[in-house]
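Peer 1: Here it is, the structure, as structure tokens.
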Amino acid sequence: MNGKIIGAVIGVLALIIVANSIYIVKETERAVLLEFGRLSEPNIEPGLHFKIPMVQQVRKFDARVLTFDAPEERFLTLEKKGMMVDSFAKWRIQDVNTYYKATNGDEARAEQLLAQRINEGLRNQFAQRSLLEVVSGERDQLMIDLTNALNEFSNSSLGIEVVDVRVKRIDLPEDVSDSVFRRMTSEREREAREHRAKGREQAEVIQADADRQKAVIEAEAYRDSEYIRGEGDAQAAAIYASAYNKDREFYSFLRSLQAYKQTFSGRGDLLLVDPESEFFRYLNDPKGGGQ
């Protein structure tokens, strides 16, 4: 019985030793082998490997492209204008030995050192360019120059390859933004006043033209109406004259009847006239005096 127990214990210990002696490095990882805390093997290839338990230790690192989001910083352009810049960097481990010695395998430490270099690089690049070049014209070239400059340092000092550096956002500082916003507002208000003044000027021109056209139309209409009225009066006079010449006595009789009708139309009218006067000519004699 004791022999079986001892055998089982030995078997378990053997399994533990074997399990602690085998390790696997994935394709997405880089690893170093430490022996009593000292670097023994600086670059272990992906695959199955063995180590001495309790003596050797394996440190693994992510070999994929990592993203570092740099904090927002204020930089000055060539014209000494302050800009708030928000950037990020893509990086990966290139030399495991240098990376471990420089950062002790601490990813946060690596990003801290990288952030200092990015900050310094952006500051230098912005100081060499104007605001227009930074915002539009030379931003791509700025990123290329910054990436190349960072790699000159990070490859040899940190064992890191900077794949790319990009600026996410460029803003004016809050105090400058307020003044720019106020200036833009005043400019827009000035433009609005100019547009309104031009609109009022055009409205006055249109109104004056409309008034002129109205006056011309009314004058022409009055002229035409007077012309037509004159022609009507002339035709009426000609008709009256023609009718009068055909039968003057009948025409006088008709005019007298119209005068009688208008004179005696009101019941309360009182008229004092000599019965022998010309007014009662046809009342006294239907033939008008005698023929």
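Just so we're aligned, residue 1 is where the sequence shown starts under UniProt numbering, counting upward by one.
A virtual CB, placed ideally from N, CA and C, is assigned to each residue, including glycine.
The alpha helix (DSSP H) with isoleucine 144 in it runs from where to where?
Peer 2: Here residue 144 is taken as the residue at index 144 of the sequence shown, counted from 1. Isoleucine 144 -> alpha helix (DSSP H) spans 139-157.
Peer 1: Can you tell me which of Ser40, Ile22, Asp69 puts its alpha carbon nearest to the alpha carbon of residue 300?
Peer 2: Because the chain is modelled from 1 through 291, residue 300 falls outside the range shown and cannot be assessed.
Peer 1: Looking only at C-alpha atoms, which of Glu152, Ile6, Gln128 sits nearest to glutamine 141?
Peer 2: Against the sequence shown, residue 141 aligns to sequence position 141. Selected option, being the one with the closest Cα: Gln128.
Peer 1: Would you report the Cα separation of valine 55 and alanine 110, rounded to the nearest angstrom?
Peer 2: One-based indexing of the sequence shown puts residue 55 at position 55. One-based indexing of the sequence shown puts residue 110 at position 110. Distance between the alpha carbons of valine 55 and alanine 110: 27 Å.
Peer 1: Do glutamate 29 and aspartate 62 come within 8 Å of each other at the CB atom, strictly closer than that value?
Peer 2: Locating residue 62 in the sequence shown gives position 62, counting from the first residue. Locating residue 29 in the sequence shown gives position 29, counting from the first residue. Yes; because the gap between Cβ atoms is below 8 Å, this pair is in contact.
Peer 1: Reducing DSSP to helix, strand and coil, say where residue 318 ends up.
Peer 2: In the structure as shown, the chain begins at 1 and stops at 291. Residue 318 is therefore absent and cannot be evaluated.
Peer 1: Using 8 Å for Cβ pairs, my map puts isoleucine 24 next to leucine 48. What's the rounded Cβ distance?
Peer 2: Within the sequence shown, numbered from 1, the residue matching residue 24 stands at position 24. Within the sequence shown, numbered from 1, the residue matching residue 48 stands at position 48. The pair is a contact, with the Cβ atoms about 6 Å apart (cut-off 8 Å).
Peer 1: Mark arginine 183 as exposed unless 16 or more other C-beta atoms lie within 10 angstroms of its C-beta, in which case mark it buried.
Peer 2: Mapped onto the sequence shown, residue 183 falls at position 183. Arginine 183 comes out exposed.
Peer 1: Looking at arginine 139: is its Cβ nearer than 8 Å to the Cβ of valine 167?
Peer 2: Taking the sequence shown and counting its residues from 1, one reaches residue 139 at position 139. Taking the sequence shown and counting its residues from 1, one reaches residue 167 at position 167. Yes. Within cutoff.
Peer 1: By Cβ distance below 6 Å, which residues in the same chain neighbour serine 154 in space, the five residues on each side in sequence not counted?
Peer 2: Sequence index remark: in the sequence shown, residue 154 carries index 154 (1-based). So the list reads Ile160, Val162, once near-sequence residues are dropped.
Peer 1: Thinking C-beta only, is proline 46 closer than 8 Å to valine 96?
Peer 2: The count along the sequence shown starts at 1 and reaches residue 96 at position 96. The count along the sequence shown starts at 1 and reaches residue 46 at position 46. No.
Peer 1: Return yes when the Cβ of lysine 90 is within less than 8 Å of the Cβ of valine 65, no when it is not.
Peer 2: Walking along the sequence shown from the start, residue 65 turns up at place 65. Walking along the sequence shown from the start, residue 90 turns up at place 90. Their beta carbons are under 8 Å apart, which means valine 65 touches lysine 90 by this criterion.
Peer 1: Where arginine 193 and glutamate 201 are concerned, what is the direct C-alpha to C-alpha distance, given to the nearest angstrom?
Peer 2: Taking the first residue of the sequence shown as 1, we reach residue 193 at position 193. Taking the first residue of the sequence shown as 1, we reach residue 201 at position 201. Cα to Cα, arginine 193 sits roughly 12 Å from glutamate 201.
Peer 1: Does the Cβ of threonine 147 have 16 or more other Cβ atoms within 10 Å, making it buried, or fewer, making it exposed?
Peer 2: For this step, residue 147 is matched to residue 147 along the sequence shown. When all chains shown are included, threonine 147 counts as buried.
Peer 1: Would you mind working out which of Lys246, Ala70, Asp171 sits nearest glycine 121, comparing C-alpha positions?
Peer 2: Taking the first residue of the sequence shown as 1, we reach residue 121 at position 121. Out of Lys246, Ala70, Asp171, Ala70 has the C-alpha closest to the C-alpha of glycine 121.
Peer 1: Using C-beta distances below 6 Å, list every residue in its chain close to alanine 31, excluding the 5 sequence neighbours before and after it, in chain order.
Peer 2: Position 31 of the sequence shown holds residue 31. Cβ within range, chain order: Val25, Ile44, Val58, Lys60.
Peer 1: Going by Cα to Cα distance, which pick from Asp171, Ile144, Leu114 is closest to aspartate 164?
Peer 2: The residue you call residue 164 lines up with position 164 of the sequence shown. Among Asp171, Ile144, Leu114, the Cα nearest to that of aspartate 164 belongs to Ile144.
Peer 1: Measuring straight from C-alpha to C-alpha, what distance separates glutamine 116 and proline 53?
Peer 2: Position 116 of the sequence shown, counting from 1, holds the residue named residue 116. Position 53 of the sequence shown, counting from 1, holds the residue named residue 53. Distance between the alpha carbons of glutamine 116 and proline 53 is about 39 Å.
Peer 1: For valine 216, count the other beta carbons within 10 Å of its own beta carbon; 16 or more makes it buried, fewer makes it exposed. Which is it?
Peer 2: Sequence index remark: in the sequence shown, residue 216 carries index 216 (1-based). Exposed is the call here.
Peer 1: So, aspartate 86 versus glutamate 72, is the Cβ gap smaller than 8 Å?
Peer 2: Taking the first residue of the sequence shown as 1, we reach residue 86 at position 86. Taking the first residue of the sequence shown as 1, we reach residue 72 at position 72. Yes; because the gap between Cβ atoms is below 8 Å, this pair is in contact.
Peer 1: Below 8 Å between beta carbons: does that hold for isoleucine 118 and leucine 150?
Peer 2: For the purposes of this step, residue 118 is taken as residue 118 along the sequence shown, with counting starting at 1. For the purposes of this step, residue 150 is taken as residue 150 along the sequence shown, with counting starting at 1. Their beta carbons are under 8 Å apart, which means isoleucine 118 touches leucine 150 by this criterion.
Peer 1: Between which two residues does the alpha helix (DSSP H) holding arginine 117 run?
Peer 2: Residue 117 sits at position 117 when you count from the first residue of the sequence shown. Element bounds for arginine 117: 107-127.
Peer 1: Would you call the CB atoms of arginine 92 and glycine 82 closer than 8 Å?
Peer 2: Against the sequence shown, residue 92 aligns to sequence position 92. Against the sequence shown, residue 82 aligns to sequence position 82. Result no, Cβ atoms of arginine 92 and glycine 82 do not sit closer than 8 Å.
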